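Colleague: One structure coming up, written as structure tokens, with questions to follow.
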Amino acid sequence: MSVMKRLSMIFKSKANNALDKMEDPRETLDYSYQRQLELLQKVRRGVADVATSRKRVELQINQIEAQSRKLEEQGRKALGVGREDLAREALTRRSSLQTQIADLRVQHDNLQGEEEKLTTASHRLQAKVDSFRTRKETIKATYTAAEAQTRINEAFSGISEEMGDVGLAIQRAEDKTASMQARAGAIDELLASGALDDFSGQRGDDIQAELDRMGGGHDVELEIARMKAELGQGPAPKSAIEQGPSQQGYQQPQQQPQQQPQNQQTQQFRQPGEGL
-4 MSVMKRLSMI
6 FKSKANNALD
16 KMEDPRETLD
26 YSYQRQLELL
36 QKVRRGVADV
46 ATSRKRVELQ
56 INQIEAQSRK
66 LEEQGRKALG
76 VGREDLAREA
86 LTRRSSLQTQ
96 IADLRVQHDN
106 LQGEEEKLTT
116 ASHRLQAKVD
126 SFRTRKETIK
136 ATYTAAEAQT
146 RINEAFSGIS
156 EEMGDVGLAI
166 QRAEDKTASM
176 QARAGAIDEL
186 LASGALDDFS
196 GQRGDDIQAE
206 LDRMGGGHDV
216 ELEIARMKAE
226 LGQGPAPKSA
236 IEQGPSQQGY
246 QQPQQQPQQQ
256 PQNQQTQQFR
266 QPGEGL
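Heads up: the sequence shown is residues -4 to 271, going by our numbering.
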């Protein structure tokens, strides 16, 4: 295949694809129906023209027949007055008119036959046009319903162009909202830590913030010491002594004699299950 033929084929395929996308079946059907109506109108005009010609021939036949009868009467009158020559002339003219009448009758018969054919064709074409109109409206309604259903399905699935734009806009809005929330959270943390100054007049207390952090760490150390004491891995923290044995879950040991204060204090914080 030569280069020109390939280019021609590619151009035709591209043009056909573009025309196919641009074509609306409903418009095509309406155009076809309009053309059929125009053709039907031409056929009807043709029937009217043939009928007019037939009527004109009939009028000519009537006029010539009237002249023929007049010439016949004139011939009779001429014979009545002894003018045979006038009678012969009148009958000669009458004979010529009869020949014209015969030709006109042949034309009249031909026109009448043509008129009947055109009338039959007009009726058939009218029936086809009516049938095509009904089918056209049915196809248009079905195509419109299918097109609407397709658009609804595309909207539900999010693949339509309009819904795709909406989806992208929503995604951009969500991303921007998440970014703003993250930025706001970061600024709050920086303000709370004192890394940023609050110029609104409500400045944070650096010393209190540092004390709060130290207090939080101290609580953690106390909790670790308490857990070690429960596991027998170390002495109980001072805070545990202040809370009392009932709050820490320890059993109250029996009191020892006063002469052993050191042993009594040591035995008071022993865990259940340890040797006395």
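Cβ atoms here follow ideal geometry from the backbone N, Cα and C, with glycine treated the same way.
None of these values were measured; they are calculated from a predicted model.
When you compare the segment 20 to 36 with the segment 113 to 123, are there three or more beta-carbon pairs, one atom per stretch, that lie closer than 8 Å?
Modeller: yes
Colleague: DSSP state of residue 228, grouped into three classes?
Modeller: coil
Colleague: From 89, 74 and 88, pick the residue whose C-alpha is nearest to that of residue 82; which is it?
Modeller: 74
Colleague: Buried or exposed: residue 101, going by 16 or more other Cβ atoms within 10 Å of its Cβ?
Modeller: exposed
Colleague: Using a threshold of 8 Å, state whether the C-beta atoms of residue 49 and residue 106 are closer than that.
Modeller: yes
Colleague: Are at least three pairs of beta-carbons, each pair with one atom in the segment 85 to 93 and one in the segment 134 to 146, less than 8 Å apart?
Modeller: no
Colleague: Cα separation between residue 8 and residue -2?
Modeller: 15 Å
Colleague: Could you have a look at residue 184 and say whether DSSP puts it in helix, strand or coil?
Modeller: helix
Colleague: What separation, rounded to the nearest whole angstrom, lies between the Cα atoms of residue 126 and residue 30?
Modeller: 15 Å
Colleague: Run through DSSP, which three-state label would residue 101 get?
Modeller: helix
Colleague: Going by C-alpha to C-alpha distance, which of 1, 28 and 4 sits closest to residue 131?
Modeller: 28
Colleague: Can you tell me whether residue 224 is buried or exposed? The criterion is at least 16 other CB atoms within 10 Å of its CB, across all chains shown.
Modeller: buried
Colleague: Let me make sure I understand the geometry here. Which of 62, 103, 91 and 78 has the alpha-carbon closest to that of residue 47?
Modeller: The candidate whose alpha carbon is nearest that of residue 47 is 103.
Colleague: For the alpha helix (DSSP H) containing residue 27, name the first residue and the last one.
Modeller: Residues 20 to 75.
Colleague: Looking only at its chain, what residues have a beta carbon closer than 7 Å to the beta carbon of residue 95, apart from the 5 residues adjacent to it on each side?
Modeller: Once the five neighbours on either side are set aside, the close Cβ partners of residue 95 are 59.
Colleague: Measure the beta-carbon distance from residue 45 to residue 109 and round it to whole angstroms, keeping in mind my assumption that it falls under 8 Å.
Modeller: 5 Å
Colleague: Is the distance from the Cβ of residue 66 to the Cβ of residue 92 below 8 Å?
Modeller: yes
Colleague: Any idea what DSSP makes of residue -3, helix, strand or coil?
Modeller: DSSP places residue -3 in the coil class of the three-state scheme, outside both helix and strand.
Colleague: Keeping to the same chain, check which residues put their C-beta closer than 8 Å to that of residue 0; ignore five residues upstream and five downstream.
Modeller: none
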